[in-house]
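Have a look at the structure below before the remarks.
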Amino acid sequence: MITAINFFQALIIILGAPLVRGIIAQFKARLQRRQGASIWRPYADLAKLFRKEDIVPPTASWVFRFAPIVLFGATVSVAAFVPVVQPSALLASRGDFFLLVYLLALGRFFLSLGALDGGSAFGGMGASREALVSSLAEAPFLLGLAAVAILAAHADIAGIVVWTLRQNVFNISGVHILAFISLAMVTVAETGRMPVDNPTTHLELTMIHEGMVLEYSGPSLALIEWASAVKLHAMLALLIALFDPWGMASSLSGLGIGAALLLYCAKAALFVIVLAVIESGMAKLRMYLVPDFLGVASALSALAVIFTVLAKR
Amino acid sequence: MIVVVTASTGFAFLVGWELMTLVSAGLILMEGDSTERRHNVFIYLMMMHAGAAAVVASFFLFLPYSHSLDFASIRTASASMPAGIRTLIFLLAFVGFGTKAGIIPLHLWLPRAHPIAPSPVSALMSGVMLKTAVYGFVRFAFDFLGGGPSWSGYVVLLAGAVSGLLGVLYAIAEHDLKRLLAYHSVENIGIIYLGLGTSLVFLAHQAPVLAALALIAALLHTFNHALFKSLLFLGAGAISNATHTVDLEELGGLQRRMPVTGATFLIACCSIVGLPLFNGFISEWLTFRSFLAGSLLTNTKAQIVLPLMVGVLALIGGLAAACFVKVFGVAFLGRPHSKEAEHAEEAPLAMRAGMGLLAAACLWIGILPGFFLRPLASLAQVLVPGAGVPEETLSIARIIPWVAVFVLGVGGAAALLKHRRKMVRTWACGLPELSSRMQYTSTAFSKPIRFVFSTVYKPDRKVESLPADQPYFPATISYRSVRTTSYEKALYRPFVDLILSAAHQLRRMQTGNIQVYLLYIFLTLVSLLMFLRFQG
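These protein sequences, in sequence, are chains A and B.
Each residue of the first sequence is one higher than the one before, counting from 1 in this note's numbering.
Each residue of the second sequence is one higher than the one before, counting from 314 in this note's numbering.
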């Protein structure tokens, strides 16, 4: 039973991911006084891409074709680590958040290689910039998670969630505020959203993620797009699970699960709206201001770790 | 090298240690001889002997208490030794073995010796010889001294953090493949020392189980590094065999020409970066876990410092990933940057088999680590008395195979999707065709990171465009950027000057007159006789 629910949780993250993207795009369009595309549009895009043919440069090796598959496999596996409707997960284990971060790194490593294999200048440019952003984002990511883990005295995400559920909602701790801000900044950087990267641009001065996937087409592109949607959704679900899990089902009754699912959707929608507002209201940072952005995130997460010892909350 | 690790007395250990240095120096010189090579080997020998002197001294400091260089008697004697002597022994062993291991700032010989050594020798030196230094240090710090005050752990942690960060940053800026790999050895020794330091801190705070965990992490990383670094150097050897260069700017597109070398090299890259399902991840995960466990101690300093090391190791890992995307991407993918790379031939069967074996070992440990963790756990129990098997080693061995099943299952399902494939040249923005000159080079790839960390590199840039009177339509542009941070200047120069001036003073004794030398001998004899007379 619990395995079935855990499986269902992972499916929510994987299958709901394009919807999250659709809602962000729709809400951004409304903020800009446009009508915008339907929120189901990303699904149609994926279906269209899966039907098309793969276009491969003749100079590329198998790494080019292999990269989207590894990216997809690694990123989808991340979904199996995050609790959604009740505090457990399919692949939960002690110290699993290190595994989660490094699975994301595995996907990114291969995507960067695929970009370099395309043989054009844009792929190298995207991969080079991605290398900068991701290498600096890893430290605040792990430090932020470590701070929350130390506070909860649990080394697994599910254990942290169980501990957080027992706390008073209104008794907000300093560690949580610091860790949340730094992890939110990392989420923005990791998933390539504004102000670090603009997901809608194709201008060589600014693109990071789009530069890497420029040579991909057809099913390969579909896998990449789906994987990056899953990554965004999994990170959102992770933030919700760590910092706002109240309402998750504590027993395995159908009613509890249903209520938890509805509540999760509401919380995710709130996060998505905030993200859309931020994206519409901010300009993209200059490339070399991104390290400062991540430096702030690192400092906040380091402070969070220090607070766990000195303030104990 | 085998003598060193099997020795049970200090004397045999030292003989093996010296032999190892001398033989490896000879091996480095195997491929030709020139003034520059001799200079580099001389530096190597110099530093090794300075290190060996420290090791010898630390062994001899045991003598007054143990009356023998037998390991067993040293072990029993060390408990009754005064704290000052123990501190001195620890520091001497730290410096002596640190020189061999190549921790910053004692790493100077590494990037000099490796590029000139033949690749199999590099593989042996980096894969095995550095490990004997780690072995020696573990022997001293854990077996003989049985841990020490907590500051000694912090010293080792600091050395590990500095070596790890600076090692990987210097590696990113390199485009000579073998020198880059040598800097990565510095980085990985840093990671190993991070584990050892954590273990010492735990020992000092009476947490034997956690100390065992950190020690297992360090030892496993030592073993892993031997595997993947040997594989990387063998790959570099195959490349240099096929193209006669190890300059990344001259390579490119090798994956299509050398598929087996490329695939095994890719596995090694993933392993050294510490990606899940490869062996490097297991040891880095254990190191991360032992940092996190620092919060369980009651000492405030340890509670803050150890968890913060999570960030340091994460930064090292992130930068290493950036570096190996560069290495593999620029050398093996895309288009060839030179004629040699265009006509490269696959390595012969024997070389491919050797690389395949190492790659298989990397994957085996990465996916089924339990088999290797069990013997390491029992070893750690010997070195850290009173420690059970840390629970963490079991949990990682349990979860990793499931993660592998999940990743491979999802990836396999995605790979089975029906693909129609069409070969079309990459669009060149309207130009007739892309050329390899339009690709990102190694230097270009690392530019953003070098820019962000320019305080570390202090680059000296020079841009010259010709002709000088037409700044907007230059015919040729030459660009040069050199890293100017130099340990030779800042750290070693004063030291070398001191030794040289001391040598000048000593030279006054050398008159060249045989009567004076006879006088010296006579005086020595008399003083020795007097010493014997009055001592008895």
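Just so it is clear, CB atoms sit at the ideal spot from N, CA and C, and this is done for glycine as well.
Looking only at its own chain, which residues have a Cβ that is under 7 Å from the Cβ of residue i, when we skip the five neighbours before and after it?
i       : result
S465(B) : F403, L513
F766(B) : L482
G36(A)  : A25, Q26, A29, R30
G16(A)  : H233
V101(A) : E138, F141, L142
Does DSSP put residue i in a helix, a strand or coil?
i       : result
R734(B) : strand
K771(B) : coil
I812(B) : helix
I595(B) : helix
I762(B) : helix
V56(A)  : strand
D197(A) : coil
D383(B) : strand
T322(B) : strand
D156(A) : coil
D244(A) : coil
At least one CB of chain A closer than 9 Å to the CB of residue i: is that the case?
i       : result
H538(B) : no
H732(B) : yes
M736(B) : yes
W715(B) : yes
E563(B) : no
L721(B) : yes
C675(B) : no
T556(B) : no
P745(B) : no
I617(B) : yes
K760(B) : yes
L632(B) : yes
R665(B) : no
I580(B) : no
G679(B) : no
V749(B) : For the record, residue 749(B) in the displayed sequence is Ser; it is not Val. It does: the Cβ of S749(B) has a partner Cβ on chain A nearer than 9 Å.
With a threshold of 9 Å between beta-carbons, can residue i be considered close to chain B, or not?
i       : result
M125(A) : yes
S93(A)  : yes
S128(A) : yes
W163(A) : no
I306(A) : yes
I150(A) : yes
R108(A) : yes
E324(A) : This structure gives no information on residue 324(A), because the portion of chain A shown stretches from 1 to 313.
I13(A)  : no
W62(A)  : yes
Spatial neighbours of residue i within its chain, please: CB distance less than 8 Å, with the 5 preceding and 5 following residues excluded, ordered by chain position.
i       : result
L19(A)  : I39, W40, P42, Y43
P199(A) : G192, R193, H209, E210
With a cut-off of 8 Å on the beta carbons, I'd call residue i and residue j a contact; round off their distance for me.
i       : j       : result
A390(B) : T556(B) : Their Cβ separation, rounded to whole angstroms, is 56 Å, which puts A390(B) and T556(B) out of contact at 8 Å.
F758(B) : G119(A) : Not really, about 14 Å apart at Cβ, beyond 8 Å.
A474(B) : L526(B) : A474(B) to L526(B), Cβ: 19 Å. No contact.
S755(B) : G679(B) : Going by Cβ atoms, the distance from S755(B) to G679(B) rounds to 27 Å, so no, they are not a contact pair.
R129(A) : P761(B) : 6 Å
S596(B) : A530(B) : 6 Å
G669(B) : T577(B) : 6 Å
Ordered along the chain, which non-local residues of its own chain (more than five positions away) have a Cβ less than 6 Å from that of residue i?
i       : result
A524(B) : S512, F515, L516, V697
F384(B) : S321
L358(B) : A338
Taking 8 Å as the cut-off, is the beta-carbon of residue i closer than that to any non-hydrogen atom of the ligand HEM?
i       : result
G725(B) : The ligand HEM is not among the ligands present in this structure, which contains no ligands whatsoever.
Taking contact to mean 3 or more Cβ pairs, one atom from each stretch, closer than 8 Å, check whether the segment 540 to 558 of chain B and the segment 729 to 740 of chain B are in contact. No: the two stretches stay apart, fewer than three of their Cβ pairs being nearer than 8 Å.
Does the segment 406 to 420 of chain B come close enough to the segment 362 to 371 of chain B to have 3 or more Cβ pairs within less than 8 Å? yes
Is it the case that the segment 63 to 72 of chain A contacts the segment 659 to 670 of chain B, given that we only count it when at least three CB pairs across the two stretches are under 8 Å? no
Are the segment 609 to 624 of chain B and the segment 535 to 545 of chain B in contact at 8 Å, needing three or more beta carbon pairs? no
For the segment 132 to 152 of chain A and the segment 94 to 102 of chain A, state whether three or more C-beta atom pairs, one from each stretch, are separated by less than 8 Å. yes
Contact the segment 720 to 730 of chain B vs the segment 83 to 92 of chain A: 3+ CB pairs below 8 Å: Touching, no.
Check whether the segment 375 to 391 of chain B and the segment 329 to 347 of chain B are in contact - that is, three or more C-beta pairs closer than 8 Å. no
Would the segment 248 to 266 of chain A count as touching the segment 77 to 88 of chain A if we require 3 or more Cβ pairs under 8 Å? yes
Determine contact between the segment 635 to 652 of chain B and the segment 487 to 502 of chain B, defined as no fewer than three beta-carbon pairs at a distance below 8 Å. Touching, yes, given that three or more Cβ pairs across the two stretches are closer than 8 Å.
Taking 8 Å as the cut-off, does the segment 374 to 383 of chain B touch the segment 427 to 436 of chain B (at least 3 CB pairs, one atom from each stretch)? no
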